[in-house]
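Residue numbers (my numbering), protein chains in the order written: chain A, 141 to 606; chain B, -5 to 227; chain C, 13 to 443. Every residue, glycine too, gets a C-beta built ideally from N, C-alpha and C. Every value quoted in this text rests on a predicted model; they were computed, and no experiment measured them. One structure is given here, and the rest of the page talks about it.
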Amino acid sequence: MIDIIINEWTKFLRNSVFVYLNVFFIFSLIFVVYLGILQNNSQETNRKIVEDEVREQWDNLEPMNPHSAAHYGSYAFKPMNLLNGLDGGVNDITGNVIKLEGHVQNEILFSEASQSLSISKFGKLKSSILLQIIIPLIIIFLGYSSIINDKKTGVLKLLVVEGLMLRKIIFGKSLSIWLYGLLLLFLTIIIQIFSTSSFESLNRLILIIISYSLYYYILAGLALYFSSIFKNNTTSLSIVMCLWIVWTIFIPKLWGNTVEKVYPLPSRQVFKDNMKEERSKGIDGHNPYDKRRDILKEKFLNQYNVDSLSQLPLNFDGIVMQADEEYGNQIWDKYFGKNYHILEKQKKLFQISGIVNPFSSLQSLSMGFAGTDMMHHLDFLKSAEDYRRYFIKELNDQHAYGGSKTGDWKWTVDSLYFRSVKKYDYKSAKIFDKINYYSIDIICLLLWFVAVNSLIFFINRKKNIL
Amino acid sequence: MIKLNEITKSFDDFKAVNNLSLKIKKGEIYGLLGPNGAGKSTTINILLGFLRPESGSAKINDICTSTQFDKTRKITGYISENVSLYPYLTGLENLDYFCKINGQKTKKLNLESILIKSGLQESAHNIKIENYSKGMRQKVGIAIALAKNASVYLLDEPASGLDPLASNDLSSLLKKISKEGSTILMASHDIFRIRETCDRIGILKNGQLVNEMKTSEVSTKEIEKIYIDYMQK
Amino acid sequence: MLSEFDHFKRSPFKIFSLLLYTIAIIYGCQNGYTLYKKHNLEISNIKTKISDSQSKMMKTFDDIESGSIEKPRRDPTTPYWAVRNTSTYSFKYPSKLMVFSIGQAEQYGYYKYITNWSTVFDEDLAHEIANPERLAIGTIDYNFIFLYLTPILLIILLFNIGGLEKDLKFENLILLNNISKNWWIFSRFSFYYVLNSILIICCLLFYVFRLEFDEANFNYFLNLFFIICIYLLCWFAIFYTINIFGNGSLDQSIKMVSIWLIFCIVIPGSIHQASSIKYPTNYMLDYLNVSREKSNEIFSLSSDSLNKKLMNSYKFLKSSTHAKDSIVSKSIINRSVSAIINDLNKNVNYQIESKNEKKNKFINSFNIFNPVTFCQNKINKIAETDYYSYKKYRFQIQSKIDDQINMILLDTWNKIKINKIKYLQYIDELK
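Rendered as structure tokens:
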């Protein structure tokens, strides 16, 4: 096997056109990876500047009533994961900023895609485009004719007469081409490693290497398999190219549309109306005539055994605001929970397309392991909402128990208090906590790996040599 | 020794080899003469173990080629019409590679002596095959068979496209190999070359052996006449 | 040219590809059609809601006037709450040509509830709830099929024209027959050009008739068809050059695929990346500052200062009843503050749009090397699904916000009491 690999590599390296093209490609690859890192860093620097400025405004807030501060609110800026430079995933089309304030759960806004004309339908020229689209094409070009040429020249017959099994030749040649893909993959990852220092990123990079390695092996194996079963290069190339187009372009888009039809999400209007209606059944913190407010008031008066709100040792307005908030949170959990559930179902159905399309599995794993897929996006949204709840509760509690009396809206807290409110600090989820989400993709890739190996292993030796 | 016993092989409705029996002794060079489609290549492919006959048996040194392919290929050398080896490797590297895949670790000196034995000039050993003539490539092909000490050589149209000098070299080389005890089966439609090289000739038509003769007993002209007569029947 | 049909009909792979392509076109158009219908349906649902809400409001006016109910906490007889209760929405009605290009339609909202506090970057203007991965992967619309997959179909149809003859070494035999190589390949190419154009026009015309295009839309459609013909011609010209100088089917197909890769993926991807580095994603800090920090500063100003600010910015207020009063009414000022914030927002919007415009100019400066993106945006523009169509929509929203603010200011400062007739007048003006 090693002899076959050495021989194949000798073939590659003694072809001067191949060598020159590769030197050019490798430099381009390095440049593209570098640009990805540069873009990520510049975006991250911008985010930090904005985040610091917004926090500074909060820290230096003039004395203010805590509930006014809840309306003043805060912002959560979606951080760029370190591996965003490798695979941008959904980051370009999702928003980047959420306003966190009392009473309402806002949506994430200001996506990059909405800030300019549309450009590339395949995304930015990042490592992921090279790794997912260009390198597989090179693998196809290297593999589609490999066996056919040996067959045409009679070398294949000679190799078999000299003692090699056909499957061993296919495995050997597949491995040679796979190693080439692996070389480019490692080059990308090594440059990426220079820009990352966290253990988590390294874990993710290892998983990315494994996913791409599997995919490259599947492609190389299939290209070689087709090369061994067809008699001419044109047929072999046509079939592998068709497969590539269907896998890379058609199925992901087609299946993506289909899953949204199978598990439809509600329209924004219906969603908002339903939430609004349900929310109206709860306490309205700003409506003094609200009946539910009166019930809560009675409860507190009884609890403290007093006759009027002014006798309470706390500010009842703060209590009402928090009750309003908690009710709102339940509604949010219910409705967004439903949406998240639908999104998860959509994701699972999309992942199932990996059975017929290993590219879908790779794409999903690449985004997932880079921390830029939908699951990570939802994780960010969840974390921002958790922080919002903490943030508003802090302020409502301060309003209720900070020393003011009911109805005293002029009571204020100063910047010392505002500074004590924790800063929002999002850390991307650990990949091994989320790995379950990707089990279908992993299984599909492994199934493909086994299937390709089986195809090669059980190839009809005699029929395909002649 | 090569022994074909009533072998038949069809492709769909077409009988490529029809009840063919043949026996080639050790050290003998046998020429299979026939037009295109007569079944020469199919016979060689059956002997190589790439095709399984529907009936009958094909044996090399009493080993069945279709059931014990792994054994027969160890003792078989094969030279095709166009010996296209790896063009980016030199003659020496090609030989080394084939020796390695055959499980042999042969020293460079030995490889060179094999190439010399096959008739390839020393100056050509380290030149890439893409710069070789067809005759030179064939010599490397024979060297590959020599390196593994093949006792049976199967040649499919080996002289096609060779210039007269190279053809003559090939004939001499094959005779030399047969004298050392190897059995050679050579398929061709070149009457002159087959008469010059082989000890015995068999004429193949529609997959059947229609005539057999010793080359020492007939001239080229006579073979040609017999051949044309059979083909026109 | 017609003799090429004999080659074509004996190539099952080519026929199958053409069939697949036709299905893809129909699927793409159908996706656009579904979205067009969905937008219209959603808009019509909202309109029903608006109408219900306005009817309720009119009943409230009747009840207040008849004395059967007390004025609600948010008193609709004040101009402020009356305008707030007009249920004003701004819609971006989908163009019928959206069927042919979904473009950026899924990245923006197409309806917005308008109040005097609204801005053009409000969260209710976010795009429809959708799976972000699906959006990232992209939708198959006709624009995508045509721009990205047509060249692939052409590769399949054309790769062996002149190449097969070279592969089988009988090219010279053909050229001996008193025909020039260029003309021979050109005439064979022409067959596929005509075939492709007819196929496309047939598929598109089906939707033109289905949606009953009026004259204006039909003119846009003709523009679209013109772009289609030119774009096809460009690809045919590139592939023609490849085939003239090609060394066989394989050589030609690999060159064709490489050109496709460069024009459809590498160049747009590089420009996308370059534009991102030069103009990183805007976190809209200026906008955030207005909606928080600067608004807060305005709220903390005294009524007198706000009164002055308002009169400086809105000259027509100087002749109002309230302007002549000796005491500044806090409630009138409170109801007018949104006008000052709106001015701040408008300034910020201008800056944001300018930044985006710079980015667009940067993207457009590469049009000559990037014909695919150029055509993509041209088609999006025809279908009114490009950035500029949504920018125009944002202007439309802003104008409605301004209208509301002007109404509130004018009538609040003139202390006008709103009745049902005046309310209907508001509705009419804000339509």
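Since A210/A and E241/A are thought to touch, with beta carbons under 8 Å apart, how far apart are those beta carbons, to the nearest angstrom?
6 Å
Within 8 Å, strictly: CB atoms of I54/B and G85/B:
no
Residues from the region 305 to 332 of chain C in contact with chain A, defined by Cβ distance under 8 Å:
E305, N308 and S312
May I ask you to list, following chain order, the residues of the region 164 to 180 of chain A that have a beta carbon less than 7 Å from some beta carbon of chain C?
L175, L178 and Q179
So what does Y82/B bridge to, in DSSP terms?
DSSP lists no partner for Y82/B.
Interface flag, Y80/B vs chain A, CB-CB below 8 Å:
yes
With DSSP run on the structure shown, which of helix, strand or coil describes I238/A?
strand
Just curious, the alpha helix (DSSP H) that T36/B is in, first and last residue?
K34 to L42
Compute the Euclidean distance between the alpha carbons of P84/C and P91/C, then round it to the nearest angstrom.
14 Å
According to the neighbour-count rule (16 or more other Cβ atoms, all chains shown, within 10 Å of its Cβ), is H539/A buried or exposed?
buried
Please classify T131/C as buried or exposed, where buried requires at least 16 neighbouring CB atoms within 10 angstroms.
buried
Using a cut-off of 8 Å between C-beta atoms, extract the partners of R67/B located in chain A.
V300, V301, E302 and G303
Best match in Y147/B, S154/B and A32/B for proximity to L42/B [C-alpha to C-alpha]:
Y147/B
Looking at the structure shown, is T151/C part of a helix, part of a strand, or coil, going by DSSP?
coil
Classification of K266/A by the beta-carbon crowding that lies within 10 angstroms, buried from 16 upward
buried
Check whether chain C comes within 8 Å of G229/A, counting only Cβ atoms and requiring the distance to be less than that.
yes
Sufficient close CB pairs (3 or more, under 8 Å) joining the region 334 to 351 of chain A to the region 369 to 379 of chain A
no
Tell me which residues of the region 328 to 359 of chain C have at least one Cβ-Cβ distance to chain A shorter than 9 Å, keeping chain order.
none
Residues bridged to V146/B [DSSP beta-bridge criterion]:
T70/B and T177/B
Please confirm if the region 414 to 424 of chain C is in contact with the region 91 to 107 of chain C, defined as three or more CB-CB distances below 8 Å between the two stretches.
yes
Neighbouring residues, chain C, relative to P406/A (Cβ below 9 Å)
I141
State buried or exposed for N143/B, treating a residue as buried only when at least 16 other CB atoms are found within 10 Å of its CB.
exposed
Mind pulling the chain A residues with CB within less than 9 Å of G115/C?
S258
Which one or two residues does DSSP pair with Y123/C in a beta bridge?
F103/C
From which residue to which residue does the beta strand (DSSP E) around Y578/A run?
Per DSSP, Y578/A belongs to no beta strand (DSSP E) and is neither H nor E.
Can you tell which of N88/B, D6/B and P47/B has its C-alpha closest to the C-alpha of V77/B?
N88/B
Got a sec, what are the start and stop residues for the beta strand (DSSP E) S4/B sits in?
I(-4) to F5
Establish whether the CB of G97/B and some CB of chain A are separated by less than 8 Å.
yes
Spatially closest choice to K59/C from Y105/C, N194/C and K342/C, by CA coordinates
Y105/C
Could you say which of S307/C, W425/C, I391/C and R347/C lies nearest to S331/C if we only look at CA atoms?
W425/C
Within chain A, the residues that N76/B reaches when beta carbons sit closer than 8 Å:
T293 and G294
What residues in the region 141 to 162 of chain A have a beta carbon less than 8 Å from any beta carbon of chain B?
D143, I144, N147, T150, K151, R154 and N155
Which parts of the region 149 to 204 of chain C are runs of the alpha helix (DSSP H), unbroken and 4 residues or longer, counting only runs that do not cross its ends?
162 to 170, 175 to 179 and 183 to 187
In terms of residues, what are the limits of the beta strand (DSSP E) holding Y291/C?
Segment: none, Y291/C is in no beta strand (DSSP E) and carries neither H nor E.
Which of helix, strand or coil does DSSP assign to C58/B?
strand
Under DSSP, the alpha helix (DSSP H) around F25/C begins and ends at which residues?
P24 to S78
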